[in-house]
Every structure is written in C-alpha cells, then in structure tokens.
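**Student:** After the structure tokens below, expect a handful of questions from me.
Protein chains: 2
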Amino acid sequence: MKVNNKHFRTIYFDKGKVHMIEQNALPFEFSWFTSKSYKDTCMAIKTMIIRGAGAIGAAAGYAMAQAAHEAPSADYNQYLVTARHDIEATRPTAQNLFYATEKVFNEALKGRAQAIAEARRLADENAKEGKRIGEYGNTIVKNGMRIETHCNAGWLAFVDYGSALAPVYLAWDSGKAVFVYVDETRPRSQGGRLTAWELHNHGVPHAILPDNAGAALMSQGKIDMVIVGADRIAANGDVANKIGTLEKAIAAKYYNLPFYVAAPCSTIDPNTKTGRDIVIEKRDASEVMKQCGTDDKGNKHTIHVNHPASGCVNPAFDVTPATLITGIITDKGIIDASESALSNLLVSK
Amino acid sequence: MKVNNKHFRTIYFDKGKVHMIEQNALPFEFSWFTSKSYKDTCMAIKTMIIRGAGAIGAAAGYAMAQAAHEAPSADYNQYLVTARHDIEATRPTAQNLFYATEKVFNEALKGRAQAIAEARRLADENAKEGKRIGEYGNTIVKNGMRIETHCNAGWLAFVDYGSALAPVYLAWDSGKAVFVYVDETRPRSQGGRLTAWELHNHGVPHAILPDNAGAALMSQGKIDMVIVGADRIAANGDVANKIGTLEKAIAAKYYNLPFYVAAPCSTIDPNTKTGRDIVIEKRDASEVMKQCGTDDKGNKHTIHVNHPASGCVNPAFDVTPATLITGIITDKGIIDASESALSNLLVSK
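Protein sequences, first through last, are from chains S and D.
Under the numbering used here, residues 105 to 453 are what the first sequence spells out, in order.
Under the numbering used here, residues 105 to 453 are what the second sequence spells out, in order.
Take a look at the structure:
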C-alpha cells in the first residue's frame, strides 16, 4: 500500500532485523521501528508498535526466525523452545500469532535458513491473502455503498492490503464509489488513527464515527453494510475481534444490514470449538484512562481523559456469535459462518 | 448532593446572577462559573459549562429570569421576546429548555419578581422530581444489582439527585449493594468524567466502561439492568438521549435485559408525535477530533486524538424507539413507554 505515493509493507525482515511501521506514532508521525532480536519483537507486539491480526502473525513468524538466527548452536533447540514460549505469551487472542509461530518453529528445527524462509513465505502469503480477500469481497461491494468498519483491519493490520479494508481498496481501485464510516474504536482509537490515516492515503472518502453513533446512522439508513476483521474464528463460526464488534453486529442484525467478517483462513482455529473457548485479553486500565496525542503545535502529551480516581474495565476483544454474521470473506471465497462451511474450507486448503 | 461532604446544587440564582458548576473543568477541578446576564447563561448552555436535560432546563429558566431582571422598562416585552428566542436557540434537543423558558416567559410578562419566583420554583421542582424518580426507581433496584448507565444523568445533569442515577443513589443510601458500569460516552466523555466523579463522591462502587464494551459485558451476564436519562420523550414513547443510548437499548433487548429511561414529566413533549420529529443537534467536529485533559503534573492540554486530516460526524443524540424501552421512571411513577401511558400521566399532572 502507498504512503505519499510510495509503496510500503507494514513489516519486513532484513539480515536478522525486523523493520515495522511504528503504529503508536501514527497518524501524527510516519516512522519505523527496528527490532534487533526476537525479544525486541515480542516487546513490539506487546506494546502494539505492531498490531492487527495478520501483522501480529507476520511479526511472530519473524520473531521466531530471529530466534533461530540468534540461537547459539550449542543450545539451539532449547533457545527455540524458550523463544516460542515468549512469543506466544505476548498476546493471547490473535490466532495468527500461534499459527505463524508454530509454522516457523517447525522449520527452525530443521535449520536457520529454513526458519527465515518460512517466516518470509508466511509474510508473502499474508499479503497475497489480503489481495484475494479484497477480490472476493469486491464482488459484494456495490457502487455507492456506505460501509461501516470497526478498528483497523487494513494494510497496517496485515503485511499488505488488509482484511476488512481490502474489499474497499479493490472496489475503489476498480472505479466504484464507496464511502467508509470509520468507528473511532476506543480505547486505542485504531479506527480514528490508523484506518482513517490509511483511507486518507489511499484517497478513499470516509468519516470518523464515534463508537456510539453506529446504530444511529443505521437507523437513519445511512449505512449499507458492515465489514470487520477477526482475531480468531472458532470452529463454529463465532468470531473474536476488537471490543465493540459485537455491539455493531447486534445493531446490524436489528436493522437487517449485512454484517461481514473478513479474514484469511489462517485466522480460523479448528481447535477452538466456540467463542466461549477463546481467551480474551484484558489490557491495562491506562488505555482507557489516558490518551496520547499531539497539540496544535505538534508537541506530544499524554493526558487523563476520565476521572482519575475511578477504576475501569478494558477487555481488548469480544466474541460475536456466528448467528449474527452474514458471511466470512476469506482468501478462498465467501462462506457462511458455520461449522460445516469452515471445516470444508480448511479441508479444501 | 455532596462534594467532599458538603451539600451543593448544580445551579442557583442570586441577585440577578446565575451560579453554576463549571462542568467542563470536571473531574480535574471543582469550580464555579458566574453568569451576569442572560447572554452569559446562553453561552454557558452552548459551551456546556452546564449540560444535562434538567440542568439545561433550570439554566434556561434562570436565563429568562435574568432577562426580566435586565430588561429596560421602556422596552420590557420586546427584550423578553428576544431573550426567549436567544435562549431557545442555544440547544435544540432538550425538551426541558423549552419547557422552562416558556413557563418563565409567561410569568415574566406579569413582572420581574414573578419571573424570578417562577425560575426558582422550577429549579426547586427539578430537585424534588429527581428525588421522586429516585424513590420510584429504587423499587426496581435489587440488592447486588449491576447497573449500566450512559452519559451523565446524575445530579450534575439536574439541580439535584438526577434522573438515571437518582435510583442508584437512593438504593445505595437505603443499604442496597449496587455496582454501576459507567459508559465513557465519547465524544465528550460525560460518563467517564462526570458520572464517575459523582459516584466517587457519593461512595458508590463503579467502573468506567469503554462505550464498545457494553454488549460484551451483557453477553457475559455481568449487567442486570440499564438505566439512562432522556433529553426529550415523544408522545409515542420514543426517547431522544445522548448518542449511544440506542445502541445500548438494542443490545439490552438482544440479551433480554431491562432497559429503563428515567426522566421527569417535564421531559415529555406531547407536541412531538414520534422520535422522527425530534430535532437532533449536530455538534462541532472538534469534539471528536480533539480531547482536553490534564497531564500527570496537572497541566491542561488539548490534543488531537484522531487523524487530523479526516472528517467526522458528531450527532449529539439518537432516538431509541419505544419498543426497546422496558419502562419510563418518572416523578409520578414508573410507566410503559406508550402513547396511552404517557398521555394518562400528563393528564394526571
């Protein structure tokens, strides 16, 4: 995807180092973070320098490759086992993290070069999957559609293209008029900060929507479709995604609007039976209680935005039941959010 | 209600001046704004120094009394007409603003003293109504209940007690254990700033909830009831309230949870047939794009919190259809959100 008309990927690997866009600095500053070790990359995942289902997967794969690159020959396997444990402990909900870590771990047992090749292959695959999701998704985007999306499931959340935004980009590039309502997505505002920045760079018309305003716009007939990403899809079609996704899905059902989830097959977790079995990450209260940003002069500040003496809850994700999902846009086609459709898809893979 | 164990009302009138808590400074600073003229009070309503359905009503009544106090004898009636127009132009959605302005205007035509007496009577009435709403509402609050509320419909939104929070205060004071989940309520965060501050001062256990997390907590069985306030209740029971109320009502319906609206009879507008006829205020984009607050050292900053080059939408209210409302807790009792129940209530008044 493009920033100021130059092509970028969200994350790439070069000589043992992982380079990634510093997403915490966006939209105020476009800068890069360089990770010199797998532990650096773990920190980057934890602190959300890199975030988003697919990008976390790519980062985890690269972290595992870094571990292979760093591991002392005398203690190679044990180093890999420890690294795998550390990487998997960064964030519990995103399925792609576990998917990529396992794949690269298995190759790393064969050798360093294999680990790096596998991590690169997974990142390339991730970019290609995004494009294919976009192509399938574009078939259901009609000219003039007003699409609501939640959080950031664009190219910053993947290696390229994205999941929920890929259909939007391909629709726009194919000449369709689209308008995107971007949920702000408190507490970390990935919609208002990242998705809005992406769409702006791509030239796609959009407006930031306070999270509270989605149902109101639906009630006024101003939204035609909702597309969101996914952090993990259970075997029965339940979907874990950014907190607030569930509320949009319920509202879309109430107003009979199509509600699509977009994700590559690697986000489907056949070992998780239903949404109830998905571990939901609880993040620090400071994310709700404080906000960072820049003033009109460009100076950075972190301010209290709520009553400091009060407590808060901060679940990072919620689970949308399959019954609320119109369909899942995957890199292999659009399917129902059902156990049979998902298992058929994985078999066909 | 109490702040640091001292009793306060949100707003009061003294010798032509209106004193009101500076709500934009909360929760970081407890200070007072003094309005010296009706135009000052109009500015205070517009800029949300004072806000909340009942408090806006009291402020509008006092503004009208100030106009009577200021009006030159030679041009008394014309001054009142102009003032009424200015006051009614401050904010379009809150019914209590129009209710109080009309009442005080009619008394002002009789004389200055009558105007002031009527404005004082309306403010007293507002405080009493809050207490009665609390008494009726307390009958449906069970020991141990976890109640979600949206925005601020506590004593800061009224002269005293509040609407949605009045049942909570009376339940807590009568010895019931209650826990309040306080929706942050972006963009202005009246939940996280005002409701949390109020509950903290009253000692009621609570937690701030990102607006996105309501349905997730409902899905986990962590919420027993939702109570919100109202800015205007149409004749058929549709309710205009802070943006996001509709989304909570839809989610509560989906999870079969009781969803109550609390408001004095003065919020019912028999001249507005349905929710479609309610004028919804659109507020400035800066409310969504920027946030103000204080850093750890107590210095105030206003920062950009979203992508500055993107646009946004900022409807201040939404309309919840009567079909989603379990009941309306009024100062005359708890009634159905239906045309017949509302018209009976107004007749009985």
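Glycine included, C-beta positions come from ideal geometry on N, C-alpha and C.
These numbers were taken from a predicted model, which means no experiment stands behind them.
In angstroms, rounded to a whole number, what distance separates the CA positions of K235(S) and T194(S)?
**Tutor:** Roughly 27 Å between the two C-alpha positions.
**Student:** Can you give me the C-alpha to C-alpha distance between V308(D) and Y273(D), rounded to a whole angstrom?
**Tutor:** V308(D) and Y273(D): Cα-Cα distance of roughly 8 Å.
**Student:** Could you tell me which residues DSSP pairs with L260(S) in its beta bridges?
**Tutor:** DSSP, once it has assigned bridges, lists no residue as partnering L260(S).
**Student:** Would you check if the distance between the CB atom of C255(S) and the CB atom of Q218(S) is smaller than 8 Å?
**Tutor:** No, the pair does not count as a contact, with Cβ atoms beyond the cut-off.
**Student:** Give the interface partners of Y273(S) over in chain D, defined as CB-CB distance under 8 Å, in chain order.
**Tutor:** Those within 8 Å of Y273(S) in chain D number zero; the least Cβ separation is about 16 Å.
**Student:** Could you spell out where the beta strand (DSSP E) holding T336(S) opens and where it closes?
**Tutor:** Residue identity differs from the one stated: residue 336(S) is Arg in this sequence, not Thr. It spans 336-338 - the beta strand (DSSP E) in which R336(S) sits, taken as one unbroken run.
**Student:** Per the DSSP calculation, Y364(D) is bridged to which residue(s)?
**Tutor:** Answer by DSSP bridge pairing, in chain order: I331(D), G431(D).
**Student:** Give every residue of the same chain whose Cβ lies closer than 7 Å to the Cβ of A338(S), excluding the five residues on either side of it in the sequence, and list them in chain order.
**Tutor:** Hits under 7 Å: D373, T376, K377, T378, G379, D381, I382.
**Student:** Between which two residues does the beta strand (DSSP E) carrying A287(D) extend?
**Tutor:** Going by the sequence as given, residue 287(D) is Asp instead of Ala. Unbroken beta strand (DSSP E) run through D287(D): 282-287.
**Student:** Across which residues does DSSP place G415(S) in a beta bridge pair?
**Tutor:** For G415(S), which the question treats as bridged, DSSP gives the partners A311(D).
**Student:** Count the other CB atoms, across all protein chains shown, that sit within 10 Å of the CB of V245(S); report buried if there are 16 or more and exposed otherwise.
**Tutor:** Under this definition V245(S) is a buried residue.
**Student:** CB D328(S) to CB I251(S), shorter than 8 Å?
**Tutor:** Their beta carbons are under 8 Å apart, which means D328(S) touches I251(S) by this criterion.
**Student:** What residues match up with E385(D) in a beta bridge as DSSP calls it?
**Tutor:** Answer is none; E385(D) lacks a bridge partner.
**Student:** How should Q182(D) be labelled, buried or exposed, when 16 other C-beta atoms within 10 angstroms of its C-beta is the threshold for buried?
**Tutor:** By the 10 Å Cβ count, Q182(D) comes out exposed.
**Student:** Please report the distance separating the alpha-carbon of E126(D) from that of R155(D).
**Tutor:** When rounded, the distance between both Cα atoms is 10 Å.
**Student:** Expressed to the nearest angstrom, what Euclidean distance is found between the alpha-carbon atoms of N340(S) and V282(S)?
**Tutor:** For N340(S) and V282(S), the distance between alpha carbons rounds to 32 Å.
**Student:** Should P176(S) go down as buried or exposed, given a rule of 16 or more other Cβ atoms within 10 Å for buried?
**Tutor:** Burial call: exposed.
**Student:** Round the Cβ separation of T424(D) and V343(D) to the nearest angstrom and send it over; I've been treating them as touching at under 8 Å.
**Tutor:** Going by Cβ atoms, the distance from T424(D) to V343(D) rounds to 5 Å, so yes, they are a contact pair.
**Student:** What residues of chain D sit near L313(S), judged by a beta carbon separation below 8 Å?
**Tutor:** Residues of chain D passing the Cβ test: C416, V417.
**Student:** So does the stretch 263-271 of chain S actually touch the stretch 147-166 of chain S, counting three or more Cβ pairs closer than 8 Å?
**Tutor:** They touch, by the three-pair rule.
**Student:** Could you give the distance in angstroms between the alpha-carbon of W136(S) and the alpha-carbon of M124(S)?
**Tutor:** Whole-angstrom Cα-Cα distance: 6 Å.
**Student:** Contact defined as beta carbons within less than 8 Å: I believe A426(S) pairs with E385(S). What is the distance between those atoms, to the nearest angstrom?
**Tutor:** The Cβ separation is near 21 Å, so there is no contact.
**Student:** At which residues does the beta strand (DSSP E) containing Y265(S) begin and terminate?
**Tutor:** No beta strand (DSSP E) contains Y265(S), which DSSP labels as neither H nor E.
**Student:** Write down the C-beta distance between A162(D) and A227(D) rounded to the nearest angstrom, noting that I regard them as a contact closer than 8 Å.
**Tutor:** Contact holds; Cβ gap of about 4 Å.
**Student:** Can you say whether L184(S) is buried or exposed, counting buried as having 16 or more other CB atoms within 10 angstroms of its CB?
**Tutor:** That one is buried.
**Student:** If I'm right that L313(S) touches V332(S) with Cβ under 8 Å, what's the distance once you round it to whole angstroms?
**Tutor:** That belief does not hold up - the Cβ atoms of L313(S) and V332(S) are roughly 13 Å apart, past 8 Å.
**Student:** Throw me the rounded Cβ distance for the K392(S) and N410(S) pair, which I believe falls under 8 Å.
**Tutor:** Rather than Lys, the amino acid found at residue 392(S) in this sequence is Val. Correct: roughly 7 Å between the Cβ atoms.
**Student:** Within the stretch 195-249 of chain S, note down every full alpha helix (DSSP H) run reaching 4 residues or more, in order along the chain.
**Tutor:** Taking only runs of at least 4 residues, the alpha helix (DSSP H) segments lying wholly in the stretch 195-249 of chain S are 199-212, 216-242.
**Student:** Is the distance from the Cβ of V284(D) to the Cβ of T243(D) below 8 Å?
**Tutor:** Contact flag unset, no.
**Student:** Using CA atoms only, rank isn't needed, just tell me which of S444(S), S390(S), P368(S) is closest to G241(S).
**Tutor:** Of the candidates S444(S), S390(S), P368(S), the one whose C-alpha sits nearest the C-alpha of G241(S) is P368(S).
**Student:** Using a cut-off of 7 Å between C-beta atoms, extract the partners of N410(D) located in chain S.
**Tutor:** Those within 7 Å of N410(D) in chain S are E288, S293, G296, R297, A300, I312.
**Student:** Along the alpha helix (DSSP H) that carries A189(D), what are the first and last residues, could you check?
**Tutor:** Checking the displayed sequence, the identity of residue 189(D) turns out to be His instead of Ala. Here the alpha helix (DSSP H) through H189(D) covers 180-192.
**Student:** Buried or exposed: which applies to T455(D), given that a residue is buried once 16 or more other Cβ atoms fall within 10 Å of its Cβ?
**Tutor:** Because chain D spans 105 through 453 in this model, residue 455(D) falls outside it and cannot be assessed.
**Student:** Give a yes or no on whether 8 Å exceeds the smallest Cβ distance from A320(D) to chain S.
**Tutor:** With 8 Å as the cut-off, A320(D) counts as an interface residue toward chain S.
**Student:** For the stretch 319-350 of chain S, enumerate the residues whose C-beta is nearer than 7 Å to any C-beta of chain D, in chain order.
**Tutor:** Answer set for the stretch 319-350 of chain S: A319, A320, S323, I347, G348, L350.
**Student:** Let me know if L450(D) comes out buried or exposed under the rule of 16 or more other beta-carbons within 10 Å of its beta-carbon.
**Tutor:** Label assigned to L450(D): exposed.
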